[in-house]
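Residue numbers (the numbering used here): 30 to 210.
By construction, the Cβ of each residue, glycine as well, lies at the ideal position given by its N, Cα and C atoms.
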Ligand SMILES: [Zn+2]
């Protein structure tokens with residue numbers, strides 16, 4: 030059975046649910062299609078578009094559910110990356126709420142501040158430059174919100190990815206937004 034061509038113009042990711050309907054991960058549409066074609070998963074929600082091959086046409090999957098339950102060791106921590114920090118902070122500076130371009134350590138690293146979710150924020154370049162090696166308290170600045178590690182199933186499954194609106198039935202995206210705010 031030859032694999033159909035999957036055009037890059039279509040939504041390129043699909044959400045995978047466990048047999049129990051619990052969201053597991055995000056995979057490429059190609060991978061999700063292979064799961065469906067090999068009967069390891071069924072399509073729950075169609076995406077946009079149809080896959081054509083010589084022998085069949087198949088709606089592009091947006092959400093698939095595994096036919097057999099798999100036990101997955103969960104990652105409990107969201108990796109600390111620049112993209113994830115920007116996603117958590119909605120791309121806004123923690124000090125002035127303007128568009129952020131940089132990452133700032135609230136307690137500067139030179140003064141023992143850790144590279145951890147609780148001590149990193151997105152910041153605009155002017156605020157970051159002005160702040161330098163000082164703490165917000167020394168400048169009389171206040172953080173918009175205390176930085177925290179992101180939590181929740183949506184973060185675990187999505188990481189820094191933008192969710193497809195078709196996945197909203199399965200991921201509590203409102204919680205993610207609340208945590209990111
Ligand atoms: Zn700023």
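heavy atom of ligand 1 below 7 angstroms from residue i C-beta
i	result
residue 127	yes
residue 113	no
residue 156	yes
residue 122	yes
Coil, strand or helix - residue i by DSSP
i	result
residue 201	coil
residue 139	helix
residue 99	coil
residue 122	coil
residue 186	helix
residue 94	strand
residue 158	helix
residue 39	Residue placement at residue 39 cannot be trusted, given a pLDDT of 46 that sits under 50; what the coordinates show is reported in the next sentence. It is coil, neither helix nor strand.
residue 176	coil
residue 192	coil
residue 209	Model confidence at residue 209 stands at a pLDDT of 42, short of 50, so the residue's coordinates are unreliable; what they give is reported in the following sentence. In this structure, residue 209 counts as helix in the three-state DSSP scheme.
residue 146	helix
residue 30	Unreliable placement is indicated for residue 30, whose pLDDT of 46 sits below 50; the coordinate value is still reported in the next sentence. Three-state result, residue 30: coil.
residue 62	helix
residue 109	coil
residue 117	helix
Cross-strand partners of residue i (DSSP beta bridge)
i	result
residue 54	45
residue 86	81
residue 70	95
residue 152	131
residue 75	90
Residue i Cβ short of 7 angstroms to ligand 2 heavy atom set
i	result
residue 152	Annotation note on ligand 2: not contained in the displayed structure, which lists ligand 1 as its ligands.
Beta-carbon gap between residue i and residue j smaller than 8 angstroms
i	j	result
residue 112	residue 173	no
residue 58	residue 42	yes
residue 79	residue 63	no
residue 183	residue 192	yes
residue 151	residue 171	no
residue 47	residue 95	yes
residue 53	residue 92	no
residue 181	residue 198	no
residue 146	residue 178	yes
Cutoff 8 angstroms: residue i Cβ touching any chain B Cβ
i	result
residue 149	The structure shown contains no chain B; it holds only a single protein chain.
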